[in-house]
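Novice: After the structure tokens below, expect a handful of questions from me.
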Amino acid sequence: MMPRLTAFARLRRIVPALLVCLLLLTTVAVAPLQAQTLPGLPSTGSGSADAAASDGQAEVDALIKLLEDPEGREKLIERLKAAETPATPAEGEELAAELVMPFLDGPATVIANRLDALGRDLQKAAVALSHTPDELERIGRGLANDRKREQWIELIGRLAAVVAAGFLLEWIVKALLSRPRLRLGTNPPASRWRRAARGICLLLIDLLGIAGFAGGAAAATALVRPTGDAAMIAIAVVQANIAVRAILAAGRMALRPQVRRLRPLPFSDETAAYLYIWLKRFARITVYGWFLYDVARTLGVSPPVLLVASKVFGLFVASLAAVVVLQNRREVADVIAGRRPLQFAADDVPGTEAAMADPGDGSAPLGVTPAEADVRTTDDDVPPDLAAAAADRAREVTRMGMATLRARLADVWHVLALAYVAIAAGIWLLGVDGGFTFLAQATGATILILLLDRVAVMAAERMLERLFSVSDEFILRHPGIETRVNRYLSITRTAIVGFIHVFAVLALLEVWGLGGLAWLASDAGARVVGALVKIVVFVVGAAVIWEMVDGAISRRLQSDGDRAPTTRAKTLLPMLRNVVMIILTLVVVLTVFSEIGIDIAPLLAGAGVVGLAIGFGAQTLVKDFITGAFILFEDTISVGDVVTVAGQTGAVERMTVRTIRLRDVEGVVRTVPFSAVDIVQNLTKDFSYALLDISVAYRENVGEVAEMMREVGLAMGHDPEFRDLILQPIEIFGLDRFGASDVVVRGRIMTKPGQQWGIKRAFFARIKQVFDERGIEIPFPHTTLYFGVDKDGKAPPAPIRLLGGDRPAPAANVPETPAPRIADAPPADDQDVPGDKDARRPPRIDDEAGEAGGDSQPAR
1 MMPRLTAFAR
11 LRRIVPALLV
21 CLLLLTTVAV
31 APLQAQTLPG
41 LPSTGSGSAD
51 AAASDGQAEV
61 DALIKLLEDP
71 EGREKLIERL
81 KAAETPATPA
91 EGEELAAELV
101 MPFLDGPATV
111 IANRLDALGR
121 DLQKAAVALS
131 HTPDELERIG
141 RGLANDRKRE
151 QWIELIGRLA
161 AVVAAGFLLE
171 WIVKALLSRP
181 RLRLGTNPPA
191 SRWRRAARGI
201 CLLLIDLLGI
211 AGFAGGAAAA
221 TALVRPTGDA
231 AMIAIAVVQA
241 NIAVRAILAA
251 GRMALRPQVR
261 RLRPLPFSDE
271 TAAYLYIWLK
281 RFARITVYGW
291 FLYDVARTLG
301 VSPPVLLVAS
311 KVFGLFVASL
321 AAVVVLQNRR
331 EVADVIAGRR
341 PLQFAADDVP
351 GTEAAMADPG
361 DGSAPLGVTP
371 AEADVRTTDD
381 DVPPDLAAAA
391 ADRAREVTRM
401 GMATLRARLA
411 DVWHVLALAY
421 VAIAAGIWLL
431 GVDGGFTFLA
441 QATGATILIL
451 LLDRVAVMAA
461 ERMLERLFSV
471 SDEFILRHPG
481 IETRVNRYLS
491 ITRTAIVGFI
501 HVFAVLALLE
511 VWGLGGLAWL
521 ASDAGARVVG
531 ALVKIVVFVV
541 GAAVIWEMVD
551 GAISRRLQSD
561 GDRAPTTRAK
571 TLLPMLRNVV
581 MIILTLVVVL
591 TVFSEIGIDI
601 APLLAGAGVV
611 GLAIGFGAQT
621 LVKDFITGAF
631 ILFEDTISVG
641 DVVTVAGQTG
651 AVERMTVRTI
661 RLRDVEGVVR
671 TVPFSAVDIV
681 QNLTKDFSYA
691 LLDISVAYRE
701 NVGEVAEMMR
711 EVGLAMGHDP
721 EFRDLILQPI
731 EIFGLDRFGA
741 SDVVVRGRIM
751 TKPGQQWGIK
761 RAFFARIKQV
771 FDERGIEIPF
781 PHTTLYFGVD
791 KDGKAPPAPI
801 RLLGGDRPAP
811 AANVPETPAP
821 RIADAPPADD
831 QDVPGDKDAR
841 RPPRIDDEAG
851 EAGGDSQPAR
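Quick look at the structure:
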């Protein structure tokens, strides 16, 4: 199972790939510029110098003979006098323009002049190529000459002897070192440093083989002693072979396509083999191509033809580089954007010695496509770590800008690489003096700046982590400090990393001649830097003020033992926090606008006009704010109170300077604007009363009922469940009013705010139990039938028919009439709804019906 690669590790492992690309491009650019010189052997340049010296001596001898001849001396004097004739004005102006214009014109003119020169060279090459048949005929005549043929055979033989001696000594050295090489290449150690040491030892063995080839070639050169063109060709062959071998040895050390665990770069086997194949191609094509160019120049090929051939050769190498870029467009884009990390061969992956076949001499197909890596790392392979995941998410949030930049760079990286290749090809094609030197220096400086940028970012992140680290004890004392630290850590990291990247970009512009750092020294750069410094100072000052205010408010709202925040504090302090945040934000925004050159006077005037328009057009809104402000400052309502405003009752959930939000007992939320509030009824301000109205029947003793109420109230005051909620003992006011069928005895209990309803329900439950135990009648609505009385005080008879039971005999003087059915009578107050099965019962006749007419008897 592979360990998950962090974003830093993935970026760090891209650097080796960049170095490999740099090596390839440097080989393309620099190899044609100069030939390698083998210590101990004469260079090709020495042969050229000897030839030039011999030609100069011949010219001196010819000049001496001309001066000794009187006739020739006279002709020479005449030519010198003709040369003293001053140039015509037109010729003088043309010469001045030719000398001065390159310094006055821009790059376009220089490029145009270079293109004209290239055109003339092509014309000369075409003329030289037109004489190719004559040259071939001359070469044929030379080969037909026995002396010339013997010279060529001798040259080839000496050259073969030099090369064969070098390869023979190299084979001997490799044979002697084969066992140590095999031992070093198998069973690599687990330690990274030991693996690096083995890699260096293998590189030294390869260099010893190359040294053996050089030594054998040098010894053969000393014995054979080739002269003239043979010596120059032999030296060129030896130097080209040594250069190619050295480049490939360095590539094998970096890529190790055959032994994975000795590979220092984070590439899979197929990727390493792919890069090694292209390195071998570039090395052999460029070095041996330059060798052929040197040999052709030595053999006297026409300079225009050589020039055109060198230009075509440079374009061919540039096209190979473009092929590499286009082949790896998607893979490199995924790595840059972070969609796919570079694959790394882990120590614990089985098959660490998986060897791949040697690519050979570079005869593989041109379009070798790098396969995806064998070892993949996914998030599923790693057990979840919540703390690490939270840190990764916070880091990703702070680096969203860099992620976007990397995504854009991934989309266009191939364009930049192709532009780089095109610039190198243009420099070679146009023959710009010092062009490759500038390109190499700028490329090296770019890589160095990028590395320093990454190192600076790493150092800054570590410094910030140590600076913002908070101990567990400090977190326990200040619970909210960790959130603040993490918030400002992300902001500070983003600011510092952004500053480092901006400075790196300016340095890159300076390196490539675009004047990045020079712009900082200009007046415009100084103004921008000054404005940035002022903005940073204002932002930091606002952050400090905000943290002071926010910390003080948080400490005030925090419950600490016996000290709890008041409801007024809970209401006003969050609003004060919002007001401070709005003010600081406005000040910072206006300051930033002022520093970046935006005139804030029209903004302030516009804000005044908007405020005036709001004052006239939104009077209700202004009334909301003013009324709400007074209610809040007077502490009439607080969050958590139960109030009645604008006919709505509920608990206060939230208050702003404009509205109040209530939630009633059924959970319904009502938002009331302060402009609609005329009367405020706060049911839970400071304390509350549980008002107790107890109804009993008229026949009950009021004093006994009051005493029972007192007993129940005092018992609740001693009950642990209620004693902390009751502030004062029960108060009995006595008989309060007479009802239709009851009398009301009133009392009250002082409770904590909002507890009156619970105390009242508990009191009612207990008093009901006491009344039931002591026979106290709790009245309920009932109806009394009154039949009236005559002048003598006699009540008229009431004809009543009894249902069920014995039926009495009818009276003698009263005619028998059918009694009304109960169902036909109007329903009484205490009867159920008609149609109910329990409703068919005789009507009740209260005893009070006979008070006015004497005895209440059944009708006779």
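Counting in the UniProt record's numbering, the sequence shown runs from 1 upward without gaps. By construction, the Cβ of each residue, glycine as well, lies at the ideal position given by its N, Cα and C atoms.
#1: State buried or exposed for VAL652, treating a residue as buried only when at least 16 other CB atoms are found within 10 Å of its CB.
#2: Identify which residue in ILE447, ILE491, ASP453 and LEU508 has its Cα closest to the Cα of PHE468.
#3: Report the partner residues of ASN241 according to the DSSP bridge assignment.
#4: If contact is defined by three or more beta carbon pairs under 8 Å, each pair taking one atom from either stretch, is the region 265–282 in contact with the region 206–213?
#5: Do you know how far the Cα of VAL657 is from the Cα of ILE626?
#6: Quick one: is PHE738 buried, meaning 16 or more other Cβ sit within 10 Å of its Cβ, or exposed?
#7: Tell whether a beta-carbon distance below 8 Å holds between ARG484 and HIS414.
#8: How is GLN756 classed by DSSP in three states: helix, strand or coil?
#9: Hey, would you say ILE535 sits closer than 8 Å to VAL592, going by beta carbons?
#10: Does PRO39 pass the burial test, meaning 16 or more other C-beta atoms within 10 Å, or should it be called exposed?
#11: Taking LEU405 as the reference, which of MET548, THR437, HIS501 and LEU489 has the closest Cα?
#12: Taking a contact to mean a Cβ-Cβ separation below 8 Å, would you say VAL237 touches PHE316 in this structure?
#13: What does the alpha-carbon distance come out to for the pair ALA419 and VAL412?
#14: How about GLY650 and LEU662: do their beta carbons lie closer than 8 Å?
#15: Straight-line CA distance for VAL639 to GLY498?
#16: At which residues does the alpha helix (DSSP H) containing PRO304 begin and terminate?
#17: Since VAL642 contacts THR684 with CB under 8 Å, what's their CB separation in whole angstroms?
#18: Could you tell me which residues DSSP pairs with MET750 in its beta bridges?
#19: Would you kindly check if the distance between the Cβ of LEU184 and the Cβ of LEU202 is under 8 Å?
#20: If you run the structure through DSSP and keep just helix, strand and coil, what is PHE468?
#21: My understanding is that ALA762 touches MET716, with C-beta atoms under 8 Å, so please give their C-beta distance in whole angstroms.
#22: If distances are taken between C-alpha atoms only, which option among ASP772, ARG746 and VAL696 comes closest to LYS760?
#23: Could you give the distance in angstroms between the alpha-carbon of SER695 and the alpha-carbon of THR620?
#24: What residue from LEU326, LEU508, LEU464 and ARG493 has the CA that sits closest to LEU439's CA?
#25: Measure the alpha-carbon distance for GLU154 versus ALA222 and round it to whole angstroms.
#26: For the alpha helix (DSSP H) holding THR656, just list the boundary residues, first then last.
#27: Measuring straight from C-alpha to C-alpha, what distance separates GLY338 and ARG408?
#28: Just the Cα atoms here: how many angstroms apart are GLN857 and ASP772?
#29: What do you get for GLN258, buried or exposed, if any count of 16 or more other CB atoms within 10 angstroms of its CB means buried?
#30: Tell whether a beta-carbon distance below 8 Å holds between PRO753 and SER688.
#31: According to DSSP, simplified to helix, strand and coil, what is PRO799?
#32: Going by DSSP, what residue range makes up the alpha helix (DSSP H) through ASP736?
#33: Work out the CA separation of PRO799 and ASP792 for me, nearest whole Å.
#34: In chain order, what residues of the same chain have a beta carbon less than 8 Å from the beta carbon of ALA51, not counting five sequence neighbours either side?
#35: Can you give me the start and stop residues for the beta strand (DSSP E) that GLN681 sits inside?
#36: Specify whether the region 295–315 and the region 263–278 touch according to this definition: at least 3 beta carbon pairs, one from each stretch, less than 8 Å apart.
Specialist: Well, looking at it:
#1: For the purposes of this step, residue 652 is taken as the residue at position 652 of the sequence shown. Classification for VAL652: buried.
#2: In the sequence shown, residue 468 corresponds to position 468, counting from 1. Ranking ILE447, ILE491, ASP453 and LEU508 by Cα distance to PHE468 puts ILE491 first.
#3: Numbered from 1 along the sequence shown, position 241 holds the residue referred to as residue 241. Partner(s): none; ASN241 has no beta bridge.
#4: When C-beta atoms of the region 206–213 are compared with those of the region 265–282, fewer than three pairs fall below 8 Å, so the two segments do not count as touching.
#5: Locating residue 626 in the sequence shown gives position 626, counting from the first residue. Locating residue 657 in the sequence shown gives position 657, counting from the first residue. ILE626 and VAL657: Cα-Cα distance of roughly 8 Å.
#6: As a position in the sequence shown, residue 738 is number 738, starting the count at 1. Result: exposed.
#7: Numbered from its first residue, the sequence shown carries residue 484 at position 484. Numbered from its first residue, the sequence shown carries residue 414 at position 414. No, the Cβ-Cβ distance between ARG484 and HIS414 is not below 8 Å.
#8: Within the sequence shown, numbered from 1, the residue matching residue 756 stands at position 756. In this structure, GLN756 counts as helix in the three-state DSSP scheme.
#9: In the sequence shown, residue 535 corresponds to position 535, counting from 1. In the sequence shown, residue 592 corresponds to position 592, counting from 1. The answer is yes: Cβ separation under 8 Å.
#10: The sequence position of residue 39 within the sequence shown is 39, counting from 1. Reliability of the predicted coordinates at PRO39 is poor, the pLDDT of 35 falling under 50, and no value is obtained from them.
#11: Sequence index remark: in the sequence shown, residue 405 carries index 405 (1-based). Out of MET548, THR437, HIS501 and LEU489, HIS501 has the C-alpha closest to the C-alpha of LEU405.
#12: Against the sequence shown, residue 237 aligns to sequence position 237. Against the sequence shown, residue 316 aligns to sequence position 316. Not closer than 8 Å, so no.
#13: Here the question's residue 419 lines up with position 419 in the sequence shown. Here the question's residue 412 lines up with position 412 in the sequence shown. Rounded to the nearest angstrom, the two C-alpha atoms are 11 Å apart.
#14: Numbered from its first residue, the sequence shown carries residue 650 at position 650. Numbered from its first residue, the sequence shown carries residue 662 at position 662. Yes, these two residues count as a Cβ contact at 8 Å.
#15: Mapped onto the sequence shown, residue 639 falls at position 639. Mapped onto the sequence shown, residue 498 falls at position 498. A direct Cα-to-Cα measurement between VAL639 and GLY498 gives close to 44 Å.
#16: Working through the sequence shown from its first residue, we reach residue 304 at position 304. PRO304 -> alpha helix (DSSP H) spans 303–327.
#17: Position 642 of the sequence shown holds residue 642. Position 684 of the sequence shown holds residue 684. Indeed, because the Cβ distance is near 5 Å, the residues count as touching under 8 Å.
#18: In the sequence shown, residue 750 corresponds to position 750, counting from 1. TYR689, per the DSSP bridge assignment.
#19: Along the sequence shown, read from residue 1 onward, the residue named residue 202 stands at position 202. Along the sequence shown, read from residue 1 onward, the residue named residue 184 stands at position 184. Against a cut-off of 8 Å, the Cβ pair of LEU184 and LEU202 comes out as a contact.
#20: In the sequence shown, the residue the question calls residue 468 occupies position 468. Three-state result, PHE468: coil.
#21: As a working note, residue 762 is residue 762 in the sequence shown. As a working note, residue 716 is residue 716 in the sequence shown. Right, their Cβ atoms sit about 7 Å apart.
#22: Against the sequence shown, residue 760 aligns to sequence position 760. Minimum Cα distance to LYS760 is reached at ARG746.
#23: Here residue 695 is taken as the residue at index 695 of the sequence shown, counted from 1. Here residue 620 is taken as the residue at index 620 of the sequence shown, counted from 1. Approximately 48 Å, taken between the alpha carbons.
#24: Along the sequence shown, read from residue 1 onward, the residue named residue 439 stands at position 439. The residue with the shortest Cα to Cα distance from LEU439 is LEU508.
#25: Here residue 154 refers to the residue found at position 154 of the sequence shown. Here residue 222 refers to the residue found at position 222 of the sequence shown. Approximately 16 Å, taken between the alpha carbons.
#26: For this step, residue 656 is matched to residue 656 along the sequence shown. No alpha helix (DSSP H) contains THR656, which DSSP labels as neither H nor E.
#27: Indexing the sequence shown from 1 puts residue 338 at position 338. Indexing the sequence shown from 1 puts residue 408 at position 408. Cα-Cα distance, rounded: 12 Å.
#28: Start at 1 with the first residue of the sequence shown, and residue 857 comes out as number 857. Start at 1 with the first residue of the sequence shown, and residue 772 comes out as number 772. Its pLDDT being 39, under 50, GLN857 is placed unreliably in this model, and the value from its coordinates should be taken loosely. Straight-line Cα distance between these residues: approximately 32 Å.
#29: Walking along the sequence shown from the start, residue 258 turns up at place 258. Its Cβ being crowded by 16 or more others within 10 Å, GLN258 is buried.
#30: Within the sequence shown, the letter at position 753 stands for residue 753. Within the sequence shown, the letter at position 688 stands for residue 688. Yes, the pair counts as a contact, with Cβ atoms nearer than the cut-off.
#31: To locate residue 799, count along the sequence shown from 1; it is residue 799. Residue state, collapsed to three classes: coil.
#32: Residue mapping note: residue 736 aligns to position 736 of the sequence shown, counting from 1. Where ASP736 is concerned, there is no enclosing alpha helix (DSSP H), although the beta strand (DSSP E) around it starts and stops at 731–738.
#33: For the purposes of this step, residue 792 is taken as residue 792 along the sequence shown, with counting starting at 1. For the purposes of this step, residue 799 is taken as residue 799 along the sequence shown, with counting starting at 1. Cα to Cα, the separation comes out at about 20 Å.
#34: The residue given as residue 51 occupies position 51 in the sequence shown. With a pLDDT of 41 at ALA51, under the threshold of 50, the predicted position of this residue should be treated as unreliable, though the coordinate-derived value follows. Taken in chain order, the list of residues that qualify is empty.
#35: Sequence index remark: in the sequence shown, residue 681 carries index 681 (1-based). Here the beta strand (DSSP E) through GLN681 covers 680–682.
#36: no
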